[in-house]
Amino acid sequence: MGRVSALVLAVVLVLAPLGVAAVGATDATRTADAASVAQSGPNPCVGTVTEKPDRATILSIQGARGREKTDAMLVSFTPDGSIVGVHDASANGRWWAYDVDRLANGNFLVSTTQNQHTLVEEIDAETGEHVSVRHFRDTLDTHDVDLINGDELLMNDMRQEGEDRVFIYNLTAEEVTWEYYFGNHTDEFPREAGGEFGGDWTHNNDVEEIEPGVFMVSLKNFNQVVAINRSTKEVVWKLGETDDDSILNLQHNPDYTVNEQGQPTVTVADSVNDRVAEYTREGDEWNLTWSLVGGNLNEPRDADRLPNGNTLVSDRRGHRLLEVTPEGEVVWEVYGPWQPYDAERLGTIDESSGPAMADAGVTGTHEMTGSASPNAADFEACYAHLGNVTSTRLVPEDDPGPVVESGQGGETDANGSDRTPGDGGEVTDGGSGDEGTDDGSVLGTTTGRSSAFGATATPVILALLAVALGAATLASRARR
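Count along the sequence shown starting at 1, add 1403, and that's the number in the numbering used here.
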């Protein structure tokens, strides 16, 4: 073995343990004291608070100030609007942060992106560290991921190659077991509708199981929310019209409930109409039964009905999170620069868990009032404050734990393991996780605490190797 090769090998052997440590360091960027928060002066991230919720609230922030990229993150707020902690996704190499759900084991399931592919992450609620990460390298931009039937990830995929789809990745089988390609159903979804076919065509941005074997999908660029039968792949119903944006206009994150009369109800962030809308299905028709407008709502991205009848609204370009009464009064408000995406009130099930507005006896259009009306300076102050938060903890120390809903604990429906071939062709492997296993992980793979090199560690190691190799080469030449 030559001197250069021997030196390179020695550097590798010395740096390998450092690489492992560096992986953990990326998650621990702000963990000098996981229980402390840097609070210098008043909290600039809180607006109106006239009613305090019983539990904390978790908010995902996409991370964009206009065309400028800012930090994607998860922020946890106490009932009075104080910050529990911040998980900085960008510090861990992520680009966007989207959907966040609490799992039955207490961890958080999060959809993010990195290097133009999707990552599904499991994050420890008490430390903010990654427990597991699944890389879906053939999936461009997943806004939503749900755990169903105990071991299935239900996901959307905006491929921008005319191959937009929703699919199921089975964690036990380690492969995609079901998929629905919209391009193979042009009788229902014409290629000339929506965006450019082969580009951002459907922009399907949300999918959830609304009853056993039925998936509700939001097709943003079609101005439609649709229900698809898992077994037959038939469209069960549609809400909205491609050529009528007065019904829905580039919507996000619809939630499905059934009212006391047994009628399907959809609560949706009707983004470009700057409102939250609730539609009830009566026979074959969808009727607008309630809406929230005004109050400077600006492209809301998420609207969850809470058990008390209020609605939790993530206001994207308003850079705030609001709890609003059925009549439109803001009773709780915090800020989330830049561009909040999804929010979950701890102690409630994922998505909406409260009554339909018709059941609460409130219908019609209601103007939102009572916001603190924050401005750009308020958001800048809040963003700077979030950057100084040292705690990565995402739940308060006295948090009583998650609410376990059907589907997370291992229950399976009649279609739970159908392994139905994808209608786009052959079923293929979906995601790949990092090395290692963790019995406490829902995703079943570990990251920072395994022997895998992280995104931050690898460039450092390569750079040091390059320096060592260069030095060895110069030394060799000097001896000639």
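Ideal placement from N, C-alpha and C gives every residue a C-beta, glycine not left out.
Under the three-state reduction of DSSP output, G1450 falls in the strand class.
Non-local beta-carbon contacts of E1730 in its own chain, meaning distances under 6 Å to residues more than five positions away in sequence, involve H1769 in chain order. Below 8 Å, enough C-beta pairs join the stretch 1738–1747 and the stretch 1784–1794 to call them touching: three or more. In the DSSP assignment, G1767 falls within the unbroken beta strand (DSSP E) covering 1767–1770. Listed as beta-bridge partners of R1748 by DSSP are T1460.
For G1843, no beta strand (DSSP E) run applies, since DSSP gives it neither H nor E. In the structure shown, V1675 falls within a helical segment according to DSSP collapsed to helix, strand and coil. DSSP places L1695 inside the beta strand (DSSP E), whose first and last residues are 1688–1696. Within 10 angstroms of the beta-carbon of E1681 lie 16 or more other beta-carbons, which makes it buried. In the DSSP secondary-structure assignment, W1735 is bridged to V1452, E1726. Per DSSP, the unbroken beta strand (DSSP E) holding H1538 starts and ends at 1533–1539. Within the same chain, H1655, A1672, D1673, S1674, D1677, R1678, V1679, V1716, S1717, D1718, R1719, G1721 come within 8 Å of P1703 by CB-CB distance, once the 5 residues on both sides are set aside. Cβ-Cβ distances below 8 Å link R1723 to G1450, E1736, V1737, Y1738, G1739, P1743, S1774, P1777 in the same chain, with the five nearest sequence neighbours on each side left out; the list follows chain order. Per DSSP, reduced to three states, the secondary structure at A1706 is strand. Around the CB of E1532, 16 or more other CB atoms lie within 10 Å, so the residue is classed as buried. Around the CB of R1594, fewer than 16 other CB atoms lie within 10 Å, so the residue is classed as exposed. Assignment of beta-bridge partners to S1479 by DSSP yields I1461, G1488. In the three-state reduction of the DSSP assignment, H1788 falls in the helix class.
For W1693, the closest C-alpha among the options G1686, A1761, P1667, L1749 is that of A1761. With a cutoff of 7 Å on beta-carbon distance, G1586 and G1565 are scored as near each other.
When the five nearest sequence neighbours on each side are left out, the beta carbons in the same chain lying within less than 6 Å of the beta carbon of L1462 are those of V1478, L1724, G1739, P1743, A1746, in order along the chain. According to the DSSP assignment, S1774 belongs to no beta strand (DSSP E), since it is labelled neither H nor E. In chain order, D1658, T1660, T1670, D1707, R1708 place their CB closer than 7 Å to the CB of S1755, counting only its own chain and leaving out the 5 sequence neighbours on each side.
The stretch 1511–1522 and the stretch 1570–1582 do not touch, with fewer than three beta-carbon pairs separated by less than 8 Å. Between A1492 and A1475 the beta-carbon gap is near 4 Å, inside 8 Å, which marks them as a contact. Taking the Cβ atoms as the reference, A1459 lies roughly 6 Å from F1480, within the contact range of under 8 Å.
Straight across, the Cα-Cα distance linking T1589 with D1705 is about 28 Å. In the DSSP assignment, M1558 falls within the beta strand (DSSP E) that extends over 1555–1560. CA-CA distance, W1604 to T1635, rounds to 24 Å. In this structure, DSSP gives D1781 a helical state, which the three-state scheme calls helix. Contact between V1798 and M1771 is ruled out by a C-beta separation of about 29 Å, above the 8 Å threshold. With distances taken between CA atoms, T1530 lies nearest to G1509 out of D1541, V1548, G1509. By the criterion of a C-beta distance shorter than 6 Å, N1690 is surrounded in its chain by T1683, once the five residues flanking it on both sides are discounted. Here N1791 is exposed. Its C-beta has fewer than 16 other C-beta atoms within 10 Å.
Here the C-alpha atom of F1600 lies approximately 38 Å from the C-alpha atom of T1766.
With respect to the C-alpha of V1638, the residue from V1620, S1649, N1652, L1651 having the closest C-alpha is V1620.
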